[in-house]
Amino acid sequence: MKFSKAYEPNQYEPDIYALWESSNAFAPSSDPASDPYTIVMPPPNANGNLHIGHGLTIALEDILTRFHRLQGESAWYIPGADHAGFETWVVYEKLLERAGKSRFDYTRDELYSQVWDFVQEQRGNMELQVRALGASCDWSSFTFTLDPKVIDTVYVTFQKLWEDQLVYRGEKLVNFCVKHQTAFADIEVVHKEDKGKLWDIAYPLANPANGITEVIISTTRPETLLGDTAVAVNPEDPRYKKMISKKVKLPLTDREIPIIADAHADTTFGTGAVKITPAHDPNDFEVAGRHNLPLITVIGFDGKMTAEAGANYEGLTVLEARKKVLKDLENLGLLRGDKTIVHSVGHCYKCDSVIEPLLKDQWFIKVRPLADRAIAALEADEIKFKPASKKQALIHYLKNLKDWNISRQIPWGIPIPAFQNSTDPTDWIFDTRVDLPEIAKASHTYIRDNDTFDTWFSSGQWPIITTLSRPSHYPTSVMETGSDLLFPWISRMIMLGLYATNDIPFKDVYMHGMVLDEKAQKMSKSKGNVINPMEIISAYGSDAFRIGIIASRSAGVNQAFSVSKVIAGRNLCNKLWNISRFIQHMVDENSDASSTNITTEHMGEDWICQELTHCSKKVKDLIGKYRFAEASELLYDTIWNKYADWFLETQKIYKNLPLLRKTLEHILIMLHPFAPFVTETIWQNLSWTTGLLISQKWPSELTSDPMSASQFESLIIIISTLRAHFQSLPGAKRYPVLFGQDSLVDDHQLLIQFLTKAPSVTSTDLPKGLRLAIPNHEIYLDIPEKVLNEHQKNLEDRIMELGREIDTLTLRLSNPNYLAKAPQHLVEESQKQQSEKESLLEKMKQELSLIK
RNA sequence: GGAUCUUUAGCUCAGUUGGCUAGAGCGCACGAUUCACAUUCGUGAGGUCGCUGGUUCGAAUCCAGCAAGAUCCACCA
Numbered sequence: 052m053k054f055s056k057a058y059e060p061n062q063y064e065p066d067i068y069a070l071w072e073s074s075n076a077f078a079p080s081s082d083p084a085s086d087p088y089t090i091v092m093p094p095p096n097a098n099g100n101l102h103i104g105h106g107l108t109i110a111l112e113d114i115l116t117r118f119h120r121l122q123g124e125s126a127w128y129i130p131g132a133d134h135a136g137f138e139t140w141v142v143y144e145k146l147l148e149r150a151g152k153s154r155f156d157y158t159r160d161e162l163y164s165q166v167w168d169f170v171q172e173q174r175g176n177m178e179l180q181v182r183a184l185g186a187s188c189d190w191s192s193f194t195f196t197l198d199p200k201v202i203d204t205v206y207v208t209f210q211k212l213w214e215d216q217l218v219y220r221g222e223k224l225v226n227f228c229v230k231h232q233t234a235f236a237d238i239e240v241v242h243k244e245d246k247g248k249l250w251d252i253a254y255p256l257a258n259p260a261n262g263i264t265e266v267i268i269s270t271t272r273p274e275t276l277l278g279d280t281a282v283a284v285n286p287e288d289p290r291y292k293k294m295i296s297k298k299v300k301l302p303l304t305d306r307e308i309p310i311i312a313d314a315h316a317d318t319t320f321g322t323g324a325v326k327i328t329p330a331h332d333p334n335d336f337e338v339a340g341r342h343n344l345p346l347i348t349v350i351g352f353d354g355k356m357t358a359e360a361g362a363n364y365e366g367l368t369v370l371e372a373r374k375k376v377l378k379d380l381e382n383l384g385l386l387r388g389d390k391t392i393v394h395s396v397g398h399c400y401k402c403d404s405v406i407e408p409l410l411k412d413q414w415f416i417k418v419r420p421l422a423d424r425a426i427a428a429l430e431a432d433e434i435k436f437k438p439a440s441k442k443q444a445l446i447h448y449l450k451n452l453k454d455w456n457i458s459r460q461i462p463w464g465i466p467i468p469a470f471q472n473s474t475d476p477t478d479w480i481f482d483t484r485v486d487l488p489e490i491a492k493a494s495h496t497y498i499r500d501n502d503t504f505d506t507w508f509s510s511g512q513w514p515i516i517t518t519l520s521r522p523s524h525y526p527t528s529v530m531e532t533g534s535d536l537l538f539p540w541i542s543r544m545i546m547l548g549l550y551a552t553n554d555i556p557f558k559d560v561y562m563h564g565m566v567l568d569e570k571a572q573k574m575s576k577s578k579g580n581v582i583n584p585m586e587i588i589s590a591y592g593s594d595a596f597r598i599g600i601i602a603s604r605s606a607g608v609n610q611a612f613s614v615s616k617v618i619a620g621r622n623l624c625n626k627l628w629n630i631s632r633f634i635q636h637m638v639d640e641n642s643d644a645s646s647t648n649i650t651t652e653h654m655g656e657d658w659i660c661q662e663l664t665h666c667s668k669k670v671k672d673l674i675g676k677y678r679f680a681e682a683s684e685l686l687y688d689t690i691w692n693k694y695a696d697w698f699l700e701t702q703k704i705y706k707n708l709p710l711l712r713k714t715l716e717h718i719l720i721m722l723h724p725f726a727p728f729v730t731e732t733i734w735q736n737l738s739w740t741t742g743l744l745i746s747q748k749w750p751s752e753l754t755s756d757p758m759s760a761s762q763f764e765s766l767i768i769i770i771s772t773l774r775a776h777f778q779s780l781p782g783a784k785r786y787p788v789l790f791g792q793d794s795l796v797d798d799h800q801l802l803i804q805f806l807t808k809a810p811s812v813t814s815t816d817l818p819k820g821l822r823l824a825i826p827n828h829e830i831y832l833d834i835p836e837k838v839l840n841e842h843q844k845n846l847e848d849r850i851m852e853l854g855r856e857i858d859t860l861t862l863r864l865s866n867p868n869y870l871a872k873a874p875q876h877l878v879e880e881s882q883k884q885q886s887e888k889e890s891l892l893e894k895m896k897q898e899l900s901l902i903k
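Heads up: the first sequence runs through residues 52 to 903, numbered per the numbering used here.
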């Protein structure tokens, strides 16, 4: 295939990906001697589309994977898809609603298989998008979060927890969404600042004495009064000391409840007396535990008042009941005022309904032993974090973690393998025959628990499950995710990984921040500022997207997405394409181009070898430190500003074909992790390369003469200075270049003339014209006197500036503390500069006097 | 209430144990142009590194305080 004039990514990307896949290039090495390198992809939602955060994750993970593969390691990037229990369920339930159906029209098994089919239909989109991003993941290891091996592993871990008595059935307050009819973990509840009212309500004393007839409580939820089982006051509160352990008549009921002393009551809030409703408030639940209070449920799972709320209220919604209770209290003269307050209220993160804390029998995991072990591993630095501050945040979180509710009342998930004795509700057994609604055991009938696991319980075991087929790849090398997953996911993987395998699940954690829009605003559907990675890829190419999204980004920081960086990436791909086209062209034109003997004959060749070697070492070092943006920036600079702008330009004269070929190969390999498609496409199109680029080895060093390389740097300065003068001199005209005793210029007359487009470059014994301000070189521009005079101001300016530079150096060097304390090489460098600049200043002053 | 992060050029951001003239991309200005590339080439302008102190021979970098913005956690009867 011929190289077209411009690189058109869409034309090559799908074929190149297919080539890798059909060549089995993504599989981990079969050589047992190679070191394992493993990354597990955070599984995207099976029925969703990839968003920009996935784009960043996959770009970073694939850079690491490809880089380590090129290092000769057994790189294994494991893809997956998430059944996304609740997320998917919400989508499916909407479809049911639209069809006029509800979840109650079907059995759990029917629902499960319907959703399964739904997800299978949707699936595939996501996988195509992962391919479009260039992920070099091993599709033969693809794991879906409901695959049998996932369920098996989850059941083994659950059984172990069961036998270790770390899982228990408990009636506790759970965060319940009455619309979605399911409980949530604490972490899934979204707290929002809502406006509400704080009402003061009088509770009459059962036996008024000493003129005290009532106690006034403050509440935002008067309807829960019907479930009160105590009133609490602070034991230190002088207003209420005398009332402790007296009884009050609970209004609107015929119950009497005690006044108790508990530190939960805040003397500064409201009236300082608080009603205790253990079945509908988490704090009150704890108070009840301390004081052995009964629990009365007055709100049901349907969000309506229960029979226990009394005949007047039964069947009303929470808000209806609130109105009625307030009215009834007012009629009794017990409502003593209200004020508006702003307080935070838990909402369902999908439907925004207010989360009701409700009593429910659920499975809980005792997290303390698991969390303590995780904390110990973190404190021993067994897992390294980037950024490091995330580790401290995680330790803090684990120290305060409460028992974990793992039951969910949605059909789309892994069934909890537990059965309840039909005659003894306290008798639960572990059994994995979850396809049966009931089982018989020891002459009893056991009924299946219809709940499913919290998805974090199964995904918390993801590194274990995905590496089962290659145990040497566990622990995995690095877990890369967004910062938002630190608590829900990373924490679970560490706890469950340590618990189930006695080993950490990964050695490093790299967390990226949020990808914000171009104005540094959070992307959201409602704002309409969502950037779709697939649109960026189709406009600019996958490589450009990868380079653009990792640019200017460091670990853990929220940063804006900038299309201009994508464009820069696209331009780099095109530049590399044309570099390759040019070299291929030169190879084609030369019949003796077959030599593979690499030699350096010209300074620019030593210089580029040195630059490429430096680049290779530095990129390796930077990727090792997860400094992706700096690595890609260095490659950009090396390829464009060094290789193309200087080396390739010199090669238009010198044409060292073996070196051109070799250096191009090195560049392609080094850029491959960042821009896999264009580099592989070029590799496939070059006439002399064989095999796949993805499977090459990272380049070894190119030998070069450092003296020669540093001479070339002087040449660069000379040429740049000449160009600058040609631009800035009056008339912007090019003038003949003269030089005195100067072997460097003498040896490179042709090159200097070519790169500056000067009319001539000649040696002279009679210098004249404008002297260039370059230390250690005697170079002049042969400028007519008239122009030179016009240019006098310019010369004076440069003399002034040079003088200021010398002053700075002199000041520094006259400081005895600097001489004594600064490192020797810095002092020497300063001294050298000072003397060079001083001698140059002398010469320029002389020339100025000549003009005058 | 607790914690973390951010503040550097017009914009978006780099800048790892403090080291000399603070960088990049894009944008801007000026110039170039038959043959690798206009997704190009060359040159240039643009910054008292949020503010105030401190440590140091030397601070964008370390310390303290302040200001602004963001995120997370907990709590809010």
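Don't be surprised by glycine CBs; every beta carbon is placed ideally from N, CA and C.
Alpha carbon of residue i to alpha carbon of residue j, nearest angstrom
{"i": "Gly340", "j": "Gly221", "result": "13 Å"}
{"i": "Asp454", "j": "Val240", "result": "16 Å"}
{"i": "Lys145", "j": "Phe436", "result": "40 Å"}
{"i": "Thr139", "j": "Trp463", "result": "8 Å"}
{"i": "Val284", "j": "Ile267", "result": "11 Å"}
{"i": "Ala760", "j": "Ile767", "result": "11 Å"}
{"i": "Ile634", "j": "Arg712", "result": "7 Å"}
{"i": "Ala22", "j": "Glu887", "result": "Any answer about residue 22 is impossible in this case: the structure gives the chain only from 52 up to 903."}
{"i": "Arg182", "j": "Tyr68", "result": "7 Å"}
{"i": "Asp505", "j": "Ser577", "result": "28 Å"}
{"i": "Thr650", "j": "Phe193", "result": "47 Å"}
{"i": "Ser613", "j": "Tyr400", "result": "29 Å"}
{"i": "Thr271", "j": "Ala253", "result": "14 Å"}
{"i": "Thr859", "j": "Asn868", "result": "16 Å"}
{"i": "Phe320", "j": "Trp127", "result": "57 Å"}
{"i": "Asn707", "j": "Val529", "result": "42 Å"}
Among the options, nearest to residue i - alpha-carbon criterion
{"i": "Pro750", "options": "Ser667, Gln800 and Pro826", "result": "Ser667"}
{"i": "Gly131", "options": "Asn96, Arg120 and Glu148", "result": "Asn96"}
{"i": "Pro488", "options": "Ala469, Met177 and Ile850", "result": "Ala469"}
{"i": "Ile515", "options": "Glu764, Gly533, Gly548 and Gln884", "result": "Gly548"}
{"i": "Gln882", "options": "Gly675, Lys872, Asp279 and Thr861", "result": "Thr861"}
{"i": "Ser296", "options": "Asp305, Ile310, Ser192 and Ser458", "result": "Ile310"}
{"i": "Tyr58", "options": "Cys660, Ser473 and Asn622", "result": "Asn622"}
{"i": "Leu536", "options": "Ile555, Thr518, Ser520 and Ser510", "result": "Ser510"}
{"i": "Ser746", "options": "Ser404, Ser55, Gln62 and Asn75", "result": "Asn75"}
{"i": "Pro333", "options": "Lys411, Ile490, Met177 and Ala606", "result": "Lys411"}
Residue i, enclosing beta strand (DSSP E) - first and last residue
{"i": "Met562", "result": "Phe557 to His563"}
{"i": "Asn258", "result": "Val241 to Ala260"}
{"i": "Tyr88", "result": "Pro87 to Val91"}
{"i": "Arg220", "result": "Val218 to Cys228"}
{"i": "Ser794", "result": "No beta strand (DSSP E) contains Ser794, which is instead part of the alpha helix (DSSP H) from Ser794 to Asp798."}
For residue i, the three-state DSSP class (helix, strand or coil)
{"i": "Ser759", "result": "helix"}
{"i": "Asn75", "result": "coil"}
{"i": "His315", "result": "coil"}
{"i": "Arg117", "result": "helix"}
{"i": "Lys567", "result": "Looking at the sequence shown, residue 567 is not Lys but Leu. Correct three-state label for Leu567: strand."}
Where the alpha helix (DSSP H) through residue i begins and ends
{"i": "Gly123", "result": "No alpha helix (DSSP H) contains Gly123, which DSSP labels as neither H nor E."}
{"i": "Leu708", "result": "Leu708 to Leu722"}
Ignoring anything shorter than 4 residues or poking outside the segment 438 to 491, list the alpha helix (DSSP H) runs there in chain order. Runs found: 440 to 450.
Please give the ranges of any alpha helix (DSSP H) in the segment 575 to 603, keeping only runs that are unbroken, at least 4 residues long and fully inside the region. For the segment 575 to 603, whole alpha helix (DSSP H) runs of length 4 or above, ordered along the chain, are 584 to 591 and 593 to 601.
**Q.** Uninterrupted alpha helix (DSSP H) stretches inside the segment 840 to 885 (no shorter than 4 residues)
**A.** Counting only runs of 4 or more, we get 843 to 864 and 867 to 872.
task = Would you list, in sequence order, the uninterrupted beta strand (DSSP E) runs of no fewer than 3 residues that lie entirely inside the segment 519 to 563?
result = The DSSP assignment places complete beta strand (DSSP E) segments of no fewer than 3 residues inside the segment 519 to 563 at 527 to 533 and 557 to 563, in order along the chain.
Jot down the residue ranges of each uninterrupted beta strand (DSSP E) in the segment 629 to 678, minimum 3 residues, whole runs only, in chain order.
Taking only runs of at least 3 residues, no beta strand (DSSP E) segment lies wholly in the segment 629 to 678.
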